[in-house]
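Participant:
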Amino acid sequence: MRAHRIRWWVYVLAIIIGVCGGTVTASIEERHHVSLLGLPWFVSAVLIVFGVGVLVAAWQVRRYTTTEPRKRVELKTVTPERAVDTLILAKALALAGAVLLGWYAGELLMVVGRVQAPYYRTIVIECAVACVASLIDMVCGIIAEGFCQLPPSEGPENPKMKKMKRMKMDRGDRDRGVAWDADDGATSDRR
1 MRAHRIRWWV
11 YVLAIIIGVC
21 GGTVTASIEE
31 RHHVSLLGLP
41 WFVSAVLIVF
51 GVGVLVAAWQ
61 VRRYTTTEPR
71 KRVELKTVTP
81 ERAVDTLILA
91 KALALAGAVL
101 LGWYAGELLM
111 VVGRVQAPYY
121 RTIVIECAVA
131 CVASLIDMVC
141 GIIAEGFCQL
151 PPSEGPENPK
161 MKKMKRMKMD
171 RGDRDRGVAW
181 DADDGATSDR
191 R
């Protein structure tokens, strides 16, 4: 199984879905006079702390996977389960940040015209702060997802190995195992 990065259009779709949800919430609040808008400051702060925490965990995974095996003993061991959990958290954080960004942007768009009223002024400020916190979470999640990407293996497809093979070919250390006969296509061993 291979983990794939989330495509850019998924974030755009999540933001659009969030805008629709925020717009619907704002219209329900207006019709039924129920206080559903805004977000307490504390929640925005927790969102940012959570995003930074996931980013730090992903940085530890990146540091462990990109360090040479001999030097890894100095680092804290990162188990494969922890690395996968960090990747899942990063993807979830990025998508949740995108949806919340759209959600609070939708609410903000619906109430920005009534900013003169003290109640709506507070809602506009709360939604703007929530948008910034959600954007930070989305960016932290995208960066953390990239940090959890494994470096290429040391197999034949590794860029280092391809470069080494080219250098050998340039020096004349060609593979001498099989030579092709130009006349009939048969092979012969050169030793």
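Quick note on numbering: the sequence shown equals residues 1 to 191 in full-length UniProt numbering.
Ideal Cβ positions, reconstructed from N, Cα and C, are used throughout, including at glycine.
It should be emphasised that the depicted structure is a prediction, and the values quoted were computed from it without experimental measurement.
Tell me which residue opens and which closes the alpha helix (DSSP H) that A57 is part of.
Facilitator: Looking at the DSSP string, the run of the alpha helix (DSSP H) that includes A57 is W41 to T66.
Participant: If I measure Cβ to Cβ from V19 and keep anything under 8 Å in the same chain, skipping five residues before and after, which residues do I get?
Facilitator: Hits under 8 Å: G102, W103, A105, G106 and L109.
Participant: How would you label M138, buried or exposed, when you count the other beta carbons within 10 angstroms and need 16 or more for buried?
Facilitator: Per the 10 Å Cβ criterion, buried.
Participant: With DSSP collapsed to three states, give me the class of V78.
Facilitator: Coil.
Participant: Taking the straight line between their C-alpha atoms, what separation do you get for I123 and V84?
Facilitator: C-alpha separation (whole angstroms): 38 Å.
Participant: Residues in its own chain within less than 6 Å of V115 by CB, not counting five upstream and five downstream?
Facilitator: Excluding sequence neighbours, V115 sits near R121 and V124.
Participant: Just how far apart, CA to CA, sit G113 and A94?
Facilitator: The straight-line gap from Cα to Cα measures roughly 30 Å.
Participant: Exposed or buried, L75, counting other C-beta atoms within 10 Å across all chains shown (16 or more means buried)?
Facilitator: Burial call: exposed.
Participant: Since W41 and V129 are thought to touch, with beta carbons under 8 Å apart, how far apart are those beta carbons, to the nearest angstrom?
Facilitator: At roughly 7 Å, the Cβ-Cβ gap stays under 8 Å, so W41 and V129 are in contact.
Participant: Just to confirm my understanding: we take G38, look at its own chain, exclude 5 residues before and 5 after, and list those with CB closer than 8 Å. What are they?
Facilitator: Contacts found: E107, T122, I123, E126, C127 and A130.
Participant: Could you name the residues of the same chain whose beta carbon sits closer than 7 Å to that of C140, not counting the 5 residues immediately before and after it, in chain order?
Facilitator: Excluding sequence neighbours, C140 sits near G51, V52, V54, L55 and L93.
Participant: Whole-angstrom Cβ separation of V61 and V34, contact assumed at under 8 Å?
Facilitator: Not really, about 43 Å apart at Cβ, beyond 8 Å.
Participant: Pick from Y119, W59 and I136: whose alpha carbon is nearest that of E145?
Facilitator: With distances taken between Cα atoms, E145 lies closest to W59.
Participant: Quick check on S188: buried or exposed, where buried means 16 or more other Cβ atoms within 10 Å of its Cβ?
Facilitator: Only weak support exists for where S188 lies, its pLDDT of 49 falling under 50; the value from the coordinates is given anyway. Label assigned to S188: exposed.
Participant: If A57 and T86 are in contact, beta carbons under 8 Å, what's the gap, nearest whole angstrom?
Facilitator: Going by Cβ atoms, the distance from A57 to T86 rounds to 5 Å, so yes, they are a contact pair.
Participant: Since I17 and V99 are thought to touch, with beta carbons under 8 Å apart, how far apart are those beta carbons, to the nearest angstrom?
Facilitator: Indeed they touch by this definition, with Cβ atoms about 6 Å apart.
Participant: If you reduce the DSSP assignment to three classes, tell me which class C140 lands in.
Facilitator: If DSSP states are grouped into helix, strand and coil, C140 belongs with the helices.
Participant: In chain order, which continuous runs of the alpha helix (DSSP H) of length 4 or greater are located wholly inside the region 69-130?
Facilitator: DSSP runs (the alpha helix (DSSP H)) wholly in the region 69-130: 80-111.
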